[in-house]
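Residue numbers (the numbering used here): 190 to 305. Have a look at the structure below before the remarks.
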């Protein structure tokens, strides 16, 4: 049993194929752009960027997970009122979702490897 774990753990962390994740980097770029526009007082542009982010976010597989619903709620508030507080909340919820997705992928891969 120990030997199996010693073999599986390095495989889990070294194989990029095993840890394939959905690329959410473009969403963070959109959020960053929206934050910059909001700081400049360009709230209409900020809301447009956030609406595009919302559309792209809905394409992610875990958009309807618990963390995903929190992101959607924060996103709706930020679209309605793109102020620093709402954008910060959106950013925090987005980071939480990213961490949850990474953990979920790792746990799934551990189960798959353990069954082999």
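Note that CB positions come from ideal geometry on N, CA and C, so glycine has one too.
Nearest by alpha-carbon distance to residue i: which of the options is it?
i           : options               : result
residue 243 : 278, 220 and 281      : 220
residue 251 : 300, 213 and 304      : 213
residue 278 : 266, 288 and 287      : 266
residue 241 : 301, 264, 258 and 231 : 264
residue 255 : 303, 286, 215 and 304 : 286
residue 288 : 248, 215, 226 and 257 : 257
Would you tell me roughly how many angstroms separate the C-alpha atoms of residue i and residue j, rounded to the nearest one?
i           : j           : result
residue 223 : residue 290 : 23 Å
residue 196 : residue 217 : Any answer about residue 196 is weak, because its pLDDT of 46 lies below 50 and its placement is not dependable; what the coordinates show is given next. Near 35 Å, if we compare the C-alpha coordinates of residue 217 and residue 196.
residue 292 : residue 230 : 37 Å
residue 228 : residue 280 : 15 Å
residue 294 : residue 262 : 24 Å
residue 157 : residue 301 : Since the first and last residues shown for the chain are 190 and 305, residue 157 lies out of range.
residue 304 : residue 248 : 30 Å
Would you grab the beta carbon distance between residue i and residue j for me? Rounded to a whole angstrom, and I think it's under 8 Å.
i           : j           : result
residue 260 : residue 275 : Their Cβ separation, rounded to whole angstroms, is 12 Å, which puts residue 260 and residue 275 out of contact at 8 Å.
residue 245 : residue 215 : 7 Å
Can you tell me whether DSSP reads residue i as helix, strand or coil?
i           : result
residue 200 : At residue 200 the pLDDT is 48, less than 50, meaning the model places this residue with poor confidence; the figure from the coordinates comes in the next sentence. Here residue 200 sits in helix by DSSP.
residue 240 : helix
residue 270 : coil
residue 208 : Unreliable positioning characterises residue 208 in this predicted model, as indicated by a pLDDT of 43, which lies under 50. A coordinate reading is not provided.
residue 294 : helix
residue 251 : coil
residue 193 : For residue 193, the predicted structure reports a pLDDT of 47, less than 50, and the residue's modelled location is therefore unreliable. A value from the coordinates is still provided. Of the three classes helix, strand and coil, the one that applies to residue 193 here is helix, per DSSP.
Cβ-heavy atom distance between residue i and the ligand NAP below 6 Å?
i           : result
residue 254 : Because no ligand of any kind appears in the structure shown, any question about the ligand NAP cannot be addressed here.
Original post:
Okay, do the segment 268–281 and the segment 231–250 touch, 3+ Cβ pairs below 8 Å being the bar?
Top reply: yes
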